[in-house]
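Novice: Shown below is the structure under consideration.
Chains as they are written, first to last, in this note's numbering: chain B, 620 to 750; chain L, 47 to 179; chain P, 0 to 283.
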């Protein structure tokens, strides 16, 4: 697998990480996402890690970097689907992933993104999010 | 009976292989899912260190036993530059530029036992064990 | 090691049945009989099984850790483990072996065995007795370990208070192992139920020290990483003081003094409210 696909959902981007990533693939994702956010002027990124069994310190740093870069480009990042075992291990590693919002699943994650968008710009904008 | 697997670490896909092999052995030894995750994550941290900072090396994965308890031992060895200040390297957040932060100290926290021998010019050897509760 | 095995081997060959009966009598008359825990027939079975292999083991003339003694060790392990689980004391279990001495010694003397021979046989039997005690210890430790695990499970109930709200009433002290179990149980339930709020009630936690606080913080962080929120309730004034004194930073986690208050907060955040039925009827 060469690249992780990035899907567009209205004003948001959706990334589903399913493979056991090696570092190069992770860096590639970082690049691709920032490119896409800028190109499509996306306002949010949803990263689905429901299938990830491991998040080590490199992955953790990459996720934080994505969130930071997205923020600079005026987009919010939401991480969804973290497995309990992964959460426990991350805490043990000392990683708390600051700057990344989290949600239990894709639905809630999307709701979170839409809610913060409508907060910011008033009710009208939120309706466009689905187009 | 100790199961021994040796994996040469020369590129990133080797670290992925190590993760898989460690996961398989952890499952065989009937570690809980949480413990499996901790062990594989530690292996990933140490494997990456060997590749990135040790400029390549080797890893050995084996099952061990003591006082009727089973465990997994992972050993990582490289002939790289070595670590000048081990205590510093173990501190959280420490980074030597390309991100060793959290790797070594993190791996130590995830495992039951941790041993490291390293000095400038003499490479690095890290050995960790996770015992079943 | 028994150098002159002939006397004892001959003895076992000639008088095995009699030795068995006397041995059983010794066991039954011993204060440690424990008829409440083990039946006569089972005692007989265990004893005759052991005696049957003794001759061959002694004949080898080797130490009890040699392979020739393996069948004996295996039987002793079996007996010892069973007794550890049943609740025998270590000495009651060791008496299984020691009570064999009397019938054997008596006959050795009758057959004019030398003092050395008697001493050597005693030595072997003593070692076997000690062996049962060692096995007993290990088996006991395993039982305790298992009971601890069961207790851990019982003491970490995660309750669903409402659709989306879980409660974890903690009772007792939070040590490292307990925290692990608690964390895992809570996080699994969060995934199962899709709950966004987890109320951790610490009314039943007597003291909070730095370690306990660290464990709590780990649980809170892990919950957050998964996409849910923790609310801590049941903080008594003394605990509040301790937390401040220790300089513990609970971060921005919300704390409420009561479980009810925490539930109220969670429901409000979920956009829910509790209304009296009569009010609704009145409106309708």
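Just so you know, even glycine gets a beta-carbon here, dropped at the ideal spot from N, CA and C. What you are looking at is a predicted structure, and each value in this text was computed from that prediction instead of being measured.
#1: With a CB to CB cut of under 6 Å and the five nearest residues on each side skipped, what residues in its chain are close to residue 160/L?
#2: Pop quiz: residue 647/B and residue 622/B are said to be a contact at Cβ under 8 Å. What is the actual Cβ separation, rounded to whole angstroms?
#3: Along the chain, where does the beta strand (DSSP E) that runs through residue 647/B open and close?
#4: So with CB distances below 9 Å, who are the chain P contacts of residue 721/B?
#5: Between the region 53-63 of chain L and the region 681-693 of chain B, can you find at least three pairs of beta-carbon atoms closer than 8 Å?
#6: Spatial neighbours of residue 71/P within its chain, please: C-beta separation below 8 Å, excluding the five flanking residues on both sides.
#7: Taking the alpha-carbon of residue 665/B as reference, which of 15/P, 226/P, 20/P and 156/P has the nearest alpha-carbon?
#8: Report the partner residues of residue 166/P according to the DSSP bridge assignment.
#9: For the region 261-270 of chain P and the region 193-200 of chain P, state whether three or more C-beta atom pairs, one from each stretch, are separated by less than 8 Å.
#10: In this structure, how does DSSP classify residue 98/P when only helix, strand and coil are distinguished?
#11: Classify residue 261/P as helix, strand or coil using the three-state DSSP reduction.
#12: Under 7 Å between beta-carbons, which chain P residues line up against residue 80/L? List them in chain order, please.
#13: Shorter than 8 Å from the beta carbon of residue 709/B to some beta carbon of chain P?
#14: Can you give the beta carbon distance from residue 668/B to residue 700/B, rounded, assuming they're within the 8 Å contact cut?
#15: Which residues bound the beta strand (DSSP E) around residue 79/P?
#16: Could you give the first and the last residue of the continuous beta strand (DSSP E) run that contains residue 100/L?
#17: Per DSSP, residue 628/B is paired with what?
#18: Just tell me which of 178/L, 64/L and 79/L has its CA closest to the CA of residue 106/L.
#19: Taking residue 96/P as the reference, which of 13/P, 79/P and 108/P has the closest Cα?
#20: Bridge partners for residue 177/L per DSSP, in chain order?
#21: Could you name the residues of the same chain whose beta carbon sits closer than 6 Å to that of residue 209/P, not counting the 5 residues immediately before and after it, in chain order?
#22: Please classify residue 637/B: does DSSP put it in a helix, a strand, or coil?
#23: Enumerate, from N- to C-terminal direction, the unbroken alpha helix (DSSP H) stretches of 4 or more residues contained entirely within the region 221-283 of chain P.
#24: Quick one: grab the DSSP three-state call for residue 174/P.
#25: Does residue 163/L come within less than 8 Å of chain B when only Cβ atoms are used?
#26: So what does residue 106/P bridge to, in DSSP terms?
#27: For residue 704/B, tell me which candidate among 108/P, 15/P and 179/P has the shortest Cα-Cα distance.
#28: Return the chain-ordered list of same chain residues with a C-beta closer than 8 Å to the C-beta of residue 151/P, the five sequence neighbours on each side being excluded.
#29: Taking DSSP as the reference, what is the three-state secondary structure of residue 662/B?
#30: Starting from residue 45/P, trace the alpha helix (DSSP H) in both directions and tell me its first and last residue.
#31: 8 Å is my cut-off, CB to CB: does residue 666/B come that close to chain L?
#32: Beta carbon of residue 194/P, beta carbon of residue 163/P: below 8 Å?
#33: Which partner residues does residue 55/L have in the DSSP bridge list?
#34: Output, in chain order, the set of chain L residues within a Cβ distance shorter than 9 Å of residue 686/B.
#35: Can you give me the Cβ contacts of residue 190/P inside the same chain, cut-off strictly under 6 Å, excluding the 5 residues immediately before and after it?
Specialist: This is what the structure holds:
#1: By one-based count along the second chain, residue 160/L stands at place 114. Cβ within range, chain order: 154 and 174.
#2: If you number the first chain from 1, residue 647/B lands on position 28. If you number the first chain from 1, residue 622/B lands on position 3. Right, the Cβ-Cβ distance comes to about 6 Å (below 8 Å), so this counts as a contact.
#3: Taking the first residue of the first chain as 1, we reach residue 647/B at position 28. Per DSSP, residue 647/B belongs to no beta strand (DSSP E); it is in the alpha helix (DSSP H), 642-659.
#4: As a first step, residue 721/B is located in the first chain; it is residue number 102 there, counting from the start. 223, 224, 225, 226 and 227, listed in chain order.
#5: Verdict: no, contact absent.
#6: Here the question's residue 71/P lines up with position 72 in the third chain. Around residue 71/P: 49, 52, 53, 56, 63 and 127.
#7: Position 46 of the first chain, counted from the first residue, corresponds to residue 665/B. For residue 665/B, the nearest C-alpha among the options comes from 226/P.
#8: As a working note, residue 166/P is residue 167 in the third chain. Bridge partners of residue 166/P: 158/P and 198/P.
#9: Because the criterion of three Cβ pairs below 8 Å is met, the region 261-270 of chain P and the region 193-200 of chain P touch.
#10: If you number the third chain from 1, residue 98/P lands on position 99. Residue 98/P falls in the coil class under three-state DSSP.
#11: Counted from its first residue, the third chain places residue 261/P at position 262. In the displayed model, residue 261/P falls within a helix according to three-state DSSP.
#12: For the purposes of this step, residue 80/L is taken as the residue at position 34 of the second chain. Neighbours of residue 80/L on chain P, chain order: 183.
#13: As a first step, residue 709/B is located in the first chain; it is residue number 90 there, counting from the start. Closer than 8 Å to some Cβ of chain P, the Cβ of residue 709/B qualifies, so yes.
#14: Translated into the one-based positions of the first chain, residue 668/B becomes position 49. Translated into the one-based positions of the first chain, residue 700/B becomes position 81. Right, their Cβ atoms sit about 5 Å apart.
#15: Counting from one through the third chain, the residue named residue 79/P turns up at place 80. Segment 69-85 is the alpha helix (DSSP H) holding residue 79/P; no beta strand (DSSP E) there.
#16: What you label residue 100/L is simply residue 54 of the second chain in a count that begins at 1. Per DSSP, residue 100/L lies in no beta strand (DSSP E) and is assigned neither H nor E.
#17: Here residue 628/B is taken as the residue at index 9 of the first chain, counted from 1. Beta-bridge partners assigned by DSSP to residue 628/B: 631/B.
#18: For the purposes of this step, residue 106/L is taken as the residue at position 60 of the second chain. Out of 178/L, 64/L and 79/L, the CA that lies nearest to the CA of residue 106/L is found in 64/L.
#19: Position 97 of the third chain holds residue 96/P. That would be 79/P, whose Cα lies nearest to the Cα of residue 96/P.
#20: Numbered from its first residue, the second chain carries residue 177/L at position 131. DSSP output for residue 177/L lists 117/L as bridge partner(s).
#21: As a first step, residue 209/P is located in the third chain; it is residue number 210 there, counting from the start. Around residue 209/P: 245.
#22: Position 18 of the first chain, counted from the first residue, corresponds to residue 637/B. If DSSP states are grouped into helix, strand and coil, residue 637/B belongs with coil.
#23: If we require 4 residues or more, the alpha helix (DSSP H) runs fully inside the region 221-283 of chain P come out as 236-245, 258-268 and 276-282.
#24: What you label residue 174/P is simply residue 175 of the third chain in a count that begins at 1. In the displayed model, residue 174/P falls within coil according to three-state DSSP, outside both helix and strand.
#25: Indexing the second chain from 1 puts residue 163/L at position 117. Not closer than 8 Å to any Cβ of chain B, the Cβ of residue 163/L fails to qualify, so no.
#26: Counting from 1 along the third chain, the entry for residue 106/P is found at position 107. Note: residue 106/P sits in no beta bridge, so no partner.
#27: As a working note, residue 704/B is residue 85 in the first chain. Comparing Cα positions, the closest option is 179/P.
#28: What you label residue 151/P is simply residue 152 of the third chain in a count that begins at 1. So the qualifying residues of the chain are 176, 177 and 180.
#29: By 1-based counting over the first chain, the position of residue 662/B is 43. In the structure shown, residue 662/B adopts coil according to DSSP, grouped into three states.
#30: To locate residue 45/P, count along the third chain from 1; it is residue 46. Looking at the DSSP string, the run of the alpha helix (DSSP H) that includes residue 45/P is 39-58.
#31: As a position in the first chain, residue 666/B is number 47, starting the count at 1. The beta carbon of residue 666/B sits no closer than 8 Å to any beta carbon of chain L.
#32: Along the third chain, read from residue 1 onward, the residue named residue 194/P stands at position 195. Along the third chain, read from residue 1 onward, the residue named residue 163/P stands at position 164. If you check the CB distance, residue 194/P and residue 163/P come in under 8 Å.
#33: For the purposes of this step, residue 55/L is taken as the residue at position 9 of the second chain. Per the DSSP secondary-structure output, residue 55/L pairs in a beta bridge with 103/L.
#34: As a first step, residue 686/B is located in the first chain; it is residue number 67 there, counting from the start. Here the premise fails: no neighbours, minimum Cβ distance about 17 Å.
#35: By 1-based counting over the third chain, the position of residue 190/P is 191. Correct list: empty, nothing qualifies.
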